[in-house]
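Quick note: this note's numbering has the sequence shown finishing at residue 318, numbered continuously throughout.
Here the structure comes first, spelled out in structure tokens, and everything after it is commentary.
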Amino acid sequence: MSSIIVGTRGSALALAQVEMAEDALRTAFPDLAIERKIIKTTGDRRTDIPLSEVARAVDMDKGVFIKELEVALQDGEIDIAVHSLKDMPSLLDEEFSVAAVLPRASRKDVLITKEGGGLEGIRQGGRVATSSVRRRRLLEVIRPDIEVVDIRGNVPTRIQKLRDSEELEGLLLAKAGLCRLGLLHDGVVDSGGDVLHVTELDEAVFVPAAGQGAVGLEIRSRDLNALTVCKEVNDSNTMRVVAAERRFLSLLGAGCETPVGVAGTVAEDGKPGEIRLRAVVFEDGENVPLRGEVLGSGDDPEGLAAKLLAAMKESNST
Numbered sequence: 001m002s003s004i005i006v007g008t009r010g011s012a013l014a015l016a017q018v019e020m021a022e023d024a025l026r027t028a029f030p031d032l033a034i035e036r037k038i039i040k041t042t043g044d045r046r047t048d049i050p051l052s053e054v055a056r057a058v059d060m061d062k063g064v065f066i067k068e069l070e071v072a073l074q075d076g077e078i079d080i081a082v083h084s085l086k087d088m089p090s091l092l093d094e095e096f097s098v099a100a101v102l103p104r105a106s107r108k109d110v111l112i113t114k115e116g117g118g119l120e121g122i123r124q125g126g127r128v129a130t131s132s133v134r135r136r137r138l139l140e141v142i143r144p145d146i147e148v149v150d151i152r153g154n155v156p157t158r159i160q161k162l163r164d165s166e167e168l169e170g171l172l173l174a175k176a177g178l179c180r181l182g183l184l185h186d187g188v189v190d191s192g193g194d195v196l197h198v199t200e201l202d203e204a205v206f207v208p209a210a211g212q213g214a215v216g217l218e219i220r221s222r223d224l225n226a227l228t229v230c231k232e233v234n235d236s237n238t239m240r241v242v243a244a245e246r247r248f249l250s251l252l253g254a255g256c257e258t259p260v261g262v263a264g265t266v267a268e269d270g271k272p273g274e275i276r277l278r279a280v281v282f283e284d285g286e287n288v289p290l291r292g293e294v295l296g297s298g299d300d301p302e303g304l305a306a307k308l309l310a311a312m313k314e315s316n317s318t
């Protein structure tokens, strides 16, 4: 394969991530010609409503940040679509597959504040913004005295909104995005000359979204040339972990906007290849989430995910 066309969204973070993918491909295939195609998605266009409502508003059954990229794959306009893996549905149509994931960055959530002090520094009744239903629900459990409000826009835009707002005291984001954009330095973000403080949140409490911090390369399932290329840049350890995370979502029947966190870690205290899988799930109408954690083989993501789901159901029934 002498050339390949890579598709991506046009946000600053998406462009930083596609640059990572292209660099990895060039390292593996120095003579490969790579063309980049920027595609605007429904999620990029519909910033007038909360992210959790976009799919319903446009009657879409796919991830609002991936549909147009998959159409481009389907039509042969691109060969690889580069995604934030957490934006991808846990179940893809048979004609598509995640052929590779890049080495994972931090998957932690962070709180950005004007005054510092983390969650404890947010006053009673203070406002914290997020576009994530999962982060909203977790924060409402931990600090029910805080007002959680919706926010849209790309990462730099959200940070600017926090900086310029007299009402907002904090902003919840993924740490990986800040790092990939080069915005985080020694625990602070410099926004227009104003220093904003960044606090990592304990992932045992703020369990991250499935695939958070990972970049996925999606191809047409039958495109053996693209598969061959992608295999050379795949990080096998990350793939094993995110496969278990995504399988848990699919067994649960959860989508990208369902308030579920699930995170796997290669177990240092277990047998070689074992993964510790942890989840937090908000069931319909319930304010207190279910939590669970299991240890199992990373070579069997289906079995590991099923083991975690069974453990959580059993715990809930006792």
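We put the beta carbon where it would ideally sit given N, CA and C, even for glycine.
Secondary structure at phenylalanine 96: strand, using DSSP grouped into helix, strand and coil. Non-local C-beta neighbours of aspartate 145 in its own chain, meaning closer than 7 Å and more than five positions away in sequence, comprise Gln124, Gly125, ordered along the chain.
Distance check between serine 3 and each of Arg36, Phe65, Arg240 places Arg36 closest, using alpha-carbon atoms only. In the three-state reduction of the DSSP assignment, leucine 290 falls in the strand class. Here glycine 261 is not near serine 84, since their CB atoms are 9 Å or more apart.
In this structure the region 236-249 does not touch the region 157-173; the number of beta carbon pairs closer than 8 Å is below three. Taking glycine 10 as reference, the option from Thr27, Gly43, Leu32 with the minimal CA-CA separation is Gly43. Segment contact: the region 64-80 against the region 174-186, fewer than three CB-CB distances shorter than 8 Å; contact not assigned. With respect to glutamate 245, lysine 108 sits apart: the two C-beta atoms are not nearer than 9 Å. For leucine 173, the uninterrupted beta strand (DSSP E) run begins and ends at 168-174, by DSSP.
Under the criterion of beta carbons closer than 8 Å, valine 6 and isoleucine 39 do not qualify as touching, at roughly 11 Å. In this structure, DSSP gives valine 110 an extended state, which the three-state scheme calls strand. DSSP places leucine 217 in the strand class (E or B) of the three-state scheme. Minimum Cα-Cα distance from serine 191 among the listed residues Gly285, Gly211, Thr157 corresponds to Thr157. In the three-state reduction of the DSSP assignment, alanine 28 falls in the helix class, which pools H, G and I. For the pair phenylalanine 65 and threonine 27, the CB atoms are not nearer than the 9 Å cut-off.
Threonine 113 counts as buried, since at least 16 other C-beta atoms from the protein chains shown sit within 10 angstroms of its C-beta. About 19 Å separates the Cβ atoms of alanine 21 and asparagine 154, ruling out a contact at the 8 Å cut-off. For glutamate 232, the three-state secondary structure derived from DSSP is coil. In this structure, the CA atom of serine 165 is about 39 Å from the CA atom of alanine 24.
By a beta-carbon distance limit of 8 Å, arginine 137 contacts proline 259. Their separation comes to about 4 Å.
Shown here for proline 103: same chain residues with a beta carbon closer than 7 Å to its own, the five before and five after excluded, namely Asp235, Thr238 in chain order. With contacts defined by Cβ atoms closer than 9 Å, glutamate 95 and serine 221 form a contacting pair. Isoleucine 34 sits in a strand when the DSSP states are folded into three classes.
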